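Visitor: My questions all concern the structure below.
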Amino acid sequence: MLYKTSQNNKKKSFINKRVIATLKFCILIGLLYFSFLQFKIIQYANTTIPKGADYIIILGTKVNGTEPSLTLQNRIDTAANYLMKNRETIAIASGGKGPNEVISEATAIKQGLITKGIGEDRIVLEDQSSRTTENIAYSKKLLPSKKHIGLVVSNYFHIYRSRIIGKDNGLDLYSLPAKTPIKEAPRWYFREYLAITKYYLEKAHIIN
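Below, the structure is given as structure tokens:
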């Protein structure tokens, strides 16, 4: 009986070690994967910002009633700063109306730009999209002919996915990253890691 008990304990110990080793391996793979995503986010956001772009696409995010969230306001401020320095550049304000939003994200962007002194005639509305893939695809349809140099305006964490979606839509977009509110950064980055992963999987499914 003691021998049998000893054997069972050894077996359990072996199984526990295997489980722990497997968990450690999964954690390591997860850390390496998220490190890779963070590297791509940094790489794609930290690029040269060309002057005199033909257009910029400003991606929408949450609107609190009729007021832009702090995250969206940072995008508006970044876009307005560029537009004031580059008078020939047009802006495409992109984003539909989500739950609990009184106005569309595109409308909030437009109003914010006008408040900053950007002429209404330089702003094009795209107010039907509900996610980044639609933001880019629908905005592309609104681009005037012979407009080649474009930038995408979003928060730092969102630039990588926005640009690769742009590339998939035939747009070679430059980066114009906006600041991310510090207190909201962990939540946004975690959501973005998941969103990028989802996009990878969807793209792989389409290709296959």
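Residue numbers for the sequence shown follow the numbering used here, so the first one is 18 and each next one is one higher.
Ideal Cβ positions, reconstructed from N, Cα and C, are used throughout, including at glycine.
Source: prediction; values computed, not measured.
1. Only counting the same chain, and skipping five residues up and downstream in sequence, which positions put a Cβ closer than 6 Å to that of L19?
2. Assuming L76 and V141 are in contact, meaning their beta carbons sit under 8 Å apart, how far apart are those beta carbons, in whole angstroms?
3. Identify whether L160 lies in helix, strand or coil by the three-state DSSP scheme.
4. May I ask you to verify whether the segment 78-92 touches the segment 105-122, counting CB pairs closer than 8 Å and requiring at least 3?
5. Measuring straight from C-alpha to C-alpha, what distance separates L48 and N33?
6. By the three-class DSSP mapping on this structure, what secondary structure does E118 have?
7. Can you tell me which of the three DSSP states L19 falls into?
8. Is it true that the segment 87-103 meets the segment 190-198, where meeting means three or more beta-carbon pairs spaced less than 8 Å apart?
9. For S111, which option in N98, N186 and D144 has the closest C-alpha, if you only look at C-alpha atoms?
10. Taking just the CA atoms, how far does E122 sit from T78?
Guide: The relevant details are as follows:
1. A caution first: L19 carries a pLDDT of 47, below 50, which makes its placement in the model too unreliable to give a value.
2. That pair is no contact at about 14 Å.
3. coil
4. yes
5. 22 Å
6. strand
7. Any reading at L19 must be qualified, since the residue scores a pLDDT of 47, below 50, and its modelled position is unreliable; the value itself is stated next. Residue state, collapsed to three classes: helix.
8. yes
9. D144
10. 6 Å
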